[in-house]
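In the numbering used here, the protein residues as written are 261 to 514.
These notes concern the structure reproduced below.
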């Protein structure tokens with residue numbers, strides 16, 4: 261692999277509550293996805309985060325999720341495809357309005373948490389997400405799990421897509437993510453995450469939880485910003501990319 265994006269989800273505080281290490285992470289990533297108020301975030305947090313990203317010349321995108329502030333959007337919800345469509349239209353529209361006020365153009369949409377997982381596996385929900393993105397702004401790139409239904413749906417809707425891999429998440433043999441409810445779902449050690457990313461960047465594969473090699477074609481790698489070692493992970497992965505000669509390539513519009 262000669263180039264890849266490094267992305268992080270941000271703007272996930274709200275009101276007086278702050279989450280993550282956004283100022284510390286921004287020097288190491290190339291694209292960020294900003295919460296739009298349903299699972300986290302609020303208008304002021306969106307504006308502040310977009311302004312910070314603009315100053316750092318990062319690509320910025322919307323990070324819509326389920327309407328589940330208490331559960332941080334990580335709990336499954338039984339929304340209909342129509343409700344998912346409306347929720348994504350609403351949140352992406354809000355993000356684009358704030359971005360426009362700051363004279364910055366949004367580049368992408370990456371849905372959050374339980375909605376991301378559900379749409380990665382269910383083509384009906386994935387299509388609802390993709391149709392919503394196209395309806396609001398067909399020039400936005402749709403980010404989805406590499407090999408998942410969001411990528412399939414985005415291509416079917418004529419969107420540019422970005423296939424995502426995860427630095428700190430373990431994989432099943434079928435390429436799906438090990439659920440967060442599993443005790444081994446996350447890499448808490450940077451050494452382990454680094455080796456997974458090294459394998460991905462050099463061989464195009466990762467090793468599954470049960471030992472199988474899983475082919476992953478990735479355009480962007482996510483590092484989560486809401487954990488204590490987030491800055492260590494991001495800075496270390498940026499150094500690893502430099503070591504391997506992989507150029508940092510931000511997400512762009514389609």
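Built from N, CA and C at the ideal position, the CB exists for glycine as well.
No experiment lies behind these values; they were computed from the predicted model shown.
- Under the three-state reduction of DSSP output, residue 316 falls in the coil class, being neither helix nor strand.
- For residue 367, the CB contacts under 8 Å within the same chain, skipping 5 residues up- and downstream, are 291, 319, 320, 321, 400, 401, 510, 511, 512 and 513 in chain order.
- Here DSSP, grouped into helix, strand and coil, assigns residue 277 to strand.
- At a Cβ-Cβ threshold of 9 Å, residue 369 and residue 344 do not count as neighbours.
- Per the C-alpha coordinates, the member of 417, 458 and 471 positioned closest to residue 433 is 471.
- Under the three-state reduction of DSSP output, residue 321 falls in the strand class.
- With 16 or more other Cβ atoms from the protein chains shown falling within 10 Å of its own Cβ, residue 389 counts as buried.
- Around the Cβ of residue 310, a 10 Å sphere holds 16 or more other Cβ atoms; the residue is buried.
- Membership of residue 404 in the beta strand (DSSP E) is indicated by the continuous run 401-405.
- Annotation: the continuous beta strand (DSSP E) that includes residue 294 extends over 291-295.
- Within 10 angstroms of the beta-carbon of residue 448 lie fewer than 16 other beta-carbons, which makes it exposed.
- With respect to residue 364, residue 314 sits close: the two C-beta atoms are nearer than 9 Å.
- CA-to-CA, the gap between residue 392 and residue 348 works out to about 6 Å.
- In this chain, residue 434 is not harboured by any alpha helix (DSSP H), its DSSP state being neither H nor E.
- Below 8 Å, too few C-beta pairs join the region 334-343 and the region 353-362 to call them touching: fewer than three.
- Spanning the alpha carbons of residue 275 and residue 297 requires a straight line of approximately 11 Å.
- Nearest to residue 454 by alpha-carbon distance, out of 488, 504 and 374, is 504.
- Within the same chain, Cβ atoms closer than 7 Å to the Cβ of residue 421 are found at 401, 402, 404, 411, 414 and 415, the five residues on either side in sequence being excluded.
- Around the beta carbon of residue 475, a 10 Å sphere encloses fewer than 16 other beta carbons of the protein chains shown; the residue is thus reported as exposed.
- Counting only runs of 4 or more residues that sit fully inside the region 317-386, the alpha helix (DSSP H) segments are 341-361 and 373-381, in chain order.
- Between the C-alpha atoms of residue 284 and residue 441 there is a straight-line separation of about 28 Å.
- 9 Å or more divides the Cβ of residue 375 from the Cβ of residue 439.
- Spatial neighbours of residue 409 in its own chain (CB-CB distance under 7 Å, excluding positions within 5 residues in sequence) are listed in chain order as 379, 380, 381, 382, 383 and 386.
- Judged by DSSP in its simplified three-state form, residue 266 adopts strand.
- In this model, residue 443 and residue 429 are separated by some 11 Å (Cα to Cα).
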